[in-house]
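Participant: Residue numbers (this note's numbering), protein chains in the order written: chain V, 1 to 210; chain S, 1001 to 1210; chain X, 2001 to 2210; chain F, 3001 to 3210.
There are 4 protein chains.
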Amino acid sequence: MIVRYGGRVATRPTRPALRDRYDRRRADVVERAAHVFARRGYGRTSMQQLAEELGIAVGSLYHYFPGKEQLLVAICDELMDPLLGDARALDGAGLAPPEQLRALVRLWVGHVVTHRDHLLVFQQERHAIERGAQWRGVRADRKAFERLLEGVLAEAEAAGALRTADRRLALSALLGMVNHTAQWYRPGGRLTPEAIADGYVDLLVRAPAR
Amino acid sequence: MIVRYGGRVATRPTRPALRDRYDRRRADVVERAAHVFARRGYGRTSMQQLAEELGIAVGSLYHYFPGKEQLLVAICDELMDPLLGDARALDGAGLAPPEQLRALVRLWVGHVVTHRDHLLVFQQERHAIERGAQWRGVRADRKAFERLLEGVLAEAEAAGALRTADRRLALSALLGMVNHTAQWYRPGGRLTPEAIADGYVDLLVRAPAR
Amino acid sequence: MIVRYGGRVATRPTRPALRDRYDRRRADVVERAAHVFARRGYGRTSMQQLAEELGIAVGSLYHYFPGKEQLLVAICDELMDPLLGDARALDGAGLAPPEQLRALVRLWVGHVVTHRDHLLVFQQERHAIERGAQWRGVRADRKAFERLLEGVLAEAEAAGALRTADRRLALSALLGMVNHTAQWYRPGGRLTPEAIADGYVDLLVRAPAR
Amino acid sequence: MIVRYGGRVATRPTRPALRDRYDRRRADVVERAAHVFARRGYGRTSMQQLAEELGIAVGSLYHYFPGKEQLLVAICDELMDPLLGDARALDGAGLAPPEQLRALVRLWVGHVVTHRDHLLVFQQERHAIERGAQWRGVRADRKAFERLLEGVLAEAEAAGALRTADRRLALSALLGMVNHTAQWYRPGGRLTPEAIADGYVDLLVRAPAR
DNA sequence: TATGAATGAGCCTTCATTCAT
DNA sequence: CATGAATGAAGGCTCATTCAT
């Protein structure tokens, strides 16, 4: 599992017990901040409002993040790192092309629905992420994931499983539909994440599974 | 064609000659502001910066829009109104289901690539649009378009042209892939807007055209 | 009658016919601007609001006054000049002390009730008038009037008509009560301006008239 | 004693020690702001200028007042609340009519000279105070004080102590002369506040005291 | 460690004034 | 003359960040 802290962390304790508590609290702030930002918007949420909503003091936020933007970086890291880690693990599992694609999309959709808020924030602030040095890590992760995904699609194509002649367009379409899921998915809705993922894959592959 | 001005306009001239010039300049500001906001971000672009980029004075912006948010509304109106207008016109043209869907997606993708900036801004500020009274019109347009699209998909399904059993999911997938096009499309790129649209439709319908 | 124009006037016509129309319109603007300022406040009324309320264009205001503050000067001149002129005329009429005081206060109160708006504006902006070179004329008028008033009180005192031993305090009290009249007087109210004036004078002089 | 804070206060501390310091600083700002506004004018003093004059940062002003107008409200509250409180206490002391009036005017004049700046600001912004919901409290206080004063005058009249037949006019005159005192009084001047108050009362009552 | 008062740069907006029509 | 679109300086206010407690 990749663990990156999106830049210098204010003062992470060294003693294990304290460090664990610190890490837990920090992760909690990231999680809940993502929720607040997703609803109110990153730019429209002040550190004061955020602190109030989290039930902590403004100054405390600066114990965990050097600044507001680093909090945003942490949210995006929390979005990309586990996904990329899991996807790489899957990639090494050696599944056959069509199953491999299906497994990856299932994993991906599963991640999208559990990190809906993170993704919504990521999409809001996409323009900022595309520029700026501190975003290099997030950008690299995004590109790595897309490349991995393209590789899986290429293998599926090579195996004759893809319906479309244009693999690049299929990649874009897949990115669009999966990421868009964050906009409408509600837990306990009509479709399970797996059903959603399968529906997407079925659009791309020749012989619908099931 | 729906023409709405996103709320009260700050003293639109009544004399035709002046009004035309006013309308032209206003539309120009909307167009170019969309471009600036798409790149820099709406929240991260100050009215000062925008004015400078447009080559006009800050105060002049307030001749055309009562405030920064109304400029955002105007951008979204400019995005939705022509699309919805054209889509409705097409809807009344009486095409057969599969051609109707293809024609609609072509029109839609064509609109997306000519209004890339508007759409990118719209996606950035989606969270703001979902709340607030002044966004009611934009929200209504978006919903109207989705409903129209769903109707077309339903007709295609009734005609047995749809590959998927889940029309609702197909709708979401289509929304995702088409709107995502704004993120990567570059004029003069490998694929024409028509080819992109056809690629998307081919994923959904049973018998690929061409 | 003193006629001063409170500083350089933008472009007063020279041909008599035009000049008369100009003067009439200018006086009308002064009159009505006083009314608007009295209600909304000078500082809280923009030239745009004022122009709209007067039914003329913003630019037109600048035909009659070089700036907003000169309009304020004109209002104060319109308040002080006729009052001082009439008071001086009365002073030269050679009335006996007690009658002279009564006549002056009647004249004064009469002026206050017909220039209520001007006086309210004057009181609002008193702090501005006490400083600044352009206000020298208005300040001089105010002082001249107070001195004239004090002279009349002194004569009354010399004639044994004053109830109080402290003429300076009586002067202040008189200034306070008469000017305060602008705050509560309504045309057609219970008391006529003459009755009000007499009431004030009766407080000061030994043997109430009538 | 009435203690009102002119609308919502921006996060008043709850811990007693901090709250006391907060209250002290806030009162200090009110006091000194009244002085600055009295001299420069409320509308002509920017928050920047005020902060500079007070030796604090602009943002700090917003710790104590939600906005510029609330600071004005606080100044007026500071003017009216103690006066009304003291006047009511006196009213309940059960003095005989002529002494009661004299005591009230002494108290009032004493308050005027110690709150000269507050009163000057109040008079400047009277037009704003007469309208608007946030001024309801100040307006109510002013009316309550006038009613109390009228009651005292009525008792004096009933006791045959009043010189004038028109009690309402006497009330207006008294309001005018006392409030006008703020315009000219200087500490250490020729007359003490008591002498001034007695001078005013002597104009109204039949048998001058002393 | 946690706090929150204090800061001041920067934001959106207003508005007195100008000038081409 | 009269107009009103255009201007840009300045105003009120917000908010990310700091630091003394």
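Virtual Cβ for every residue (Gly too), placed ideally from N, Cα, C.
Predicted, not measured: the structure shown is a model, and the values here were computed from it.
1. Within 10 Å of its beta-carbon, does V/S172 have 16 or more other beta-carbons around it, so buried, or fewer, so exposed?
2. Mapping DSSP to helix, strand and coil, what is X/L2162?
3. Can you find a C-beta in chain V that's less than 8 Å from the C-beta of S/L1083?
4. By the DSSP assignment, the alpha helix (DSSP H) with S/H1111 in it spans what residues?
5. State yes or no: is the C-beta of X/H2127 within less than 8 Å of the C-beta of F/R3040?
6. Would you verify that the beta carbon of F/I3056 is, or is not, closer than 8 Å to some beta carbon of chain X?
7. Determine contact between the stretch 142-155 of chain V and the stretch 77-93 of chain V, defined as no fewer than three beta-carbon pairs at a distance below 8 Å.
8. Are the CB atoms of V/V36 and V/L50 within a distance shorter than 8 Å?
9. To the nearest angstrom, how far is the alpha carbon of X/G2188 from that of X/R2116?
10. Can you pull the chain V neighbours of S/L1204, defined as C-beta to C-beta under 8 Å?
11. From F/R3131 to F/N3179, what does the alpha carbon distance come to, in whole angstroms?
12. Can you pull the DSSP bridge partners for V/V205?
13. Answer with yes or no whether the minimum CB distance from X/R2025 to chain F is below 8 Å.
14. Taking the C-alpha atoms as reference points, what is the distance between V/M80 and F/D3028?
15. How about the stretch 193-209 of chain V and the stretch 94-103 of chain V: do they share at least three Cβ pairs that are nearer than 8 Å?
16. What is the residue span of the alpha helix (DSSP H) that F/R3131 lies within?
17. Mind pulling the alpha helix (DSSP H) runs of 4 or more residues that sit fully within the stretch 1051-1075 of chain S?
18. Which residue marks the beginning of the alpha helix (DSSP H) containing F/G3176, and which one marks its end?
19. Quick one: which chain V residues come within Cβ less than 9 Å of S/A1299?
20. Tell me the residue span of the alpha helix (DSSP H) that contains V/Y42.
21. Compute the beta-carbon to beta-carbon distance between F/E3125 and F/Y3042, rounded to the nearest angstrom, for a pair I have assumed lies under 8 Å.
22. Taking any Cβ of chain V, which residues in the stretch 1164-1176 of chain S have a Cβ under 7 Å from it, in chain order?
23. For V/D86, which residues of its own chain have a beta-carbon under 8 Å away from its beta-carbon, when the five flanking residues on both sides are left out?
24. Measure the CB-CB distance between S/A1038 and S/L1071 and report whether it falls below 8 Å.
25. Give the DSSP-derived three-state secondary structure of F/G3094 in the structure shown.
26. By how many angstroms is the C-alpha of X/S2060 removed from the C-alpha of V/R44?
27. One question on the structure: do F/L3162 and F/R3206 come within less than 8 Å of each other, judged by their Cβ atoms?
28. When the cut-off is 8 Å and only beta carbons count, does F/L3104 lie next to chain X?
29. By the three-class DSSP mapping on this structure, what secondary structure does X/E2157 have?
30. Using a Cβ-Cβ cut-off of 8 Å, state whether S/G1160 counts as contacting chain V.
31. Do the CB positions of S/L1169 and V/L191 come within less than 8 Å of each other?
32. Answer with buried or exposed for X/A2140, where buried requires no fewer than 16 other C-beta atoms within 10 angstroms of its C-beta.
33. With a CB to CB cut of under 7 Å and the five nearest residues on each side skipped, what residues in its chain are close to F/E3194?
34. Excluding the five sequence neighbours on either side, which residues of its own chain have a C-beta within less than 6 Å of the C-beta of S/E1069, listed in chain order?
35. Rounded to whole angstroms, what is the Cα-Cα separation between S/D1023 and V/C76?
Facilitator: The short version:
1. Residue environment: V/S172 is assigned as buried (16 or more neighbouring CB atoms within 10 Å of its CB, all protein chains considered).
2. X/L2162 falls in the strand class under three-state DSSP.
3. Judged by the 8 Å Cβ criterion, S/L1083 is not in contact with chain V.
4. Segment 1097-1114, the alpha helix (DSSP H) holding S/H1111.
5. Against a cut-off of 8 Å, the Cβ pair of F/R3040 and X/H2127 comes out as a contact.
6. Not an interface residue.
7. As far as the Cβ criterion goes, the stretch 142-155 of chain V touches the stretch 77-93 of chain V, which means the pair count is three or higher.
8. Taking C-beta atoms as the reference points, V/L50 and V/V36 count as a pair closer than 8 Å.
9. Distance between the alpha carbons of X/G2188 and X/R2116 is about 14 Å.
10. The contacting residues are L203.
11. Each residue's Cα considered, the two are about 21 Å apart.
12. Beta-bridge analysis with DSSP links V/V205 to V/L162.
13. For X/R2025, the nearest beta carbon of chain F is not closer than 8 Å to its own beta carbon.
14. Answer to the nearest angstrom: the Cα atoms are 53 Å apart.
15. Yes, the stretch 193-209 of chain V touches the stretch 94-103 of chain V.
16. It is not in any alpha helix (DSSP H) - F/R3131 carries neither H nor E in the DSSP assignment.
17. Fully enclosed alpha helix (DSSP H) runs of 4 or longer: 1058-1064.
18. Element bounds for F/G3176: 3167-3184.
19. Since the first residue shown for chain S is 1001 and the last is 1210, residue 1299 of chain S is missing from the structure and cannot be characterised.
20. Where V/Y42 is concerned, there is no enclosing alpha helix (DSSP H), given that its DSSP letter is neither H nor E.
21. So it is a contact: roughly 6 Å between Cβ atoms.
22. The stretch 1164-1176 of chain S vs chain V, Cβ under 7 Å: T1164, D1166, L1169, S1172, A1173, L1175, G1176.
23. Around V/D86: L107, H111.
24. Contact flag unset, no.
25. Correct three-state label for F/G3094: coil.
26. Cα to Cα, the separation comes out at about 42 Å.
27. Result yes, Cβ atoms of F/L3162 and F/R3206 sit closer than 8 Å.
28. At a cut-off of 8 Å between C-beta atoms, F/L3104 does not count as an interface residue with respect to chain X.
29. In the displayed model, X/E2157 falls within a helix according to three-state DSSP.
30. Answer no: the Cβ-Cβ gap between S/G1160 and chain V never drops below 8 Å.
31. Contact: yes.
32. Burial call: exposed.
33. In the same chain as F/E3194, and ignoring 5 residues on each side of it, the C-beta atoms closer than 7 Å to its own belong to R3106, in chain order.
34. Excluding residues within five positions, none has a Cβ falling inside 6 Å.
35. A direct Cα-Cα distance of roughly 41 Å separates S/D1023 from V/C76.
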